[in-house]
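To start, the structure under review is shown below, and the notes come after it.
In our numbering, the protein residues as written are 14 to 158.
Okay, here's the thing in structure tokens:
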């Protein structure tokens, strides 16, 4: 009579392949995180209360690095930029006016090109000194906050 052998079961995976898969997954996750951080999104910490009530001291925000590759910044945008006098410092401010626009502050009201601009993001009753009128140079922005 013929002897029928029992079909052999595949060997259990070795621990080394399990650890290899875990290591590969971790390396891929870290590389993706680094690429996202370098080219797409960046976290920022708000160090002061200059943008209150919109952003409070200690808030954390995530900023898209791609947005202004497809469109220009617009009035009212909250923008993160390098401080011109110290490129190591980031500032978070609101874009108030663009190049060629004339800006004035009169009786705690913002005027751009002679027209009053509502600033709904400011707390009620905020008072500030008069300024201007001044023209923002071409290819420049006026940021406040």
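A virtual CB, placed ideally from N, CA and C, is assigned to each residue, including glycine.
Counted within 10 angstroms of its Cβ, other Cβ atoms place residue i as buried (16 or more) or exposed
i	result
residue 43	exposed
residue 155	buried
residue 48	exposed
residue 68	buried
residue 116	buried
residue 174	Only positions 14 to 158 of the chain appear in this structure, which leaves residue 174 out of reach.
Own chain partners of residue i with C-beta closer than 7 Å, once the 5 adjacent residues on each side are dropped
i	result
residue 52	78
residue 153	112
Beta-bridge pairing of residue i - partner residues as DSSP gives them
i	result
residue 117	124
residue 103	95
residue 140	Beta-bridge pairing links residue 140 to no other residue.
residue 41	Paired residue(s): none; residue 41 is not in a bridge.
residue 68	Residue 68 is not bridged to any residue.
Helix, strand or coil at residue i [DSSP, three-state]
i	result
residue 47	helix
residue 134	coil
residue 61	coil
residue 36	helix
residue 80	helix
residue 53	coil
residue 129	strand
residue 110	strand
Close Cβ partners of residue i (< 6 Å) along its chain, the five nearest in sequence each way excluded
i	result
residue 62	70
residue 75	54, 56
8 Å Cβ shell around residue i - same chain, five flanking residues per side excluded
i	result
residue 141	118, 121
Quiz prompt | Inter-stretch contact (C-beta, 8 Å, three-pair minimum) for the segment 105-112 and the segment 76-95 | solution = Verdict: yes, contact present.
Self-check item: the segment 141-149 in contact with the segment 92-102 per 3-pair CB rule at 8 Å
Solution: Between the segment 141-149 and the segment 92-102, the count of Cβ pairs shorter than 8 Å is below three; the stretches do not touch.
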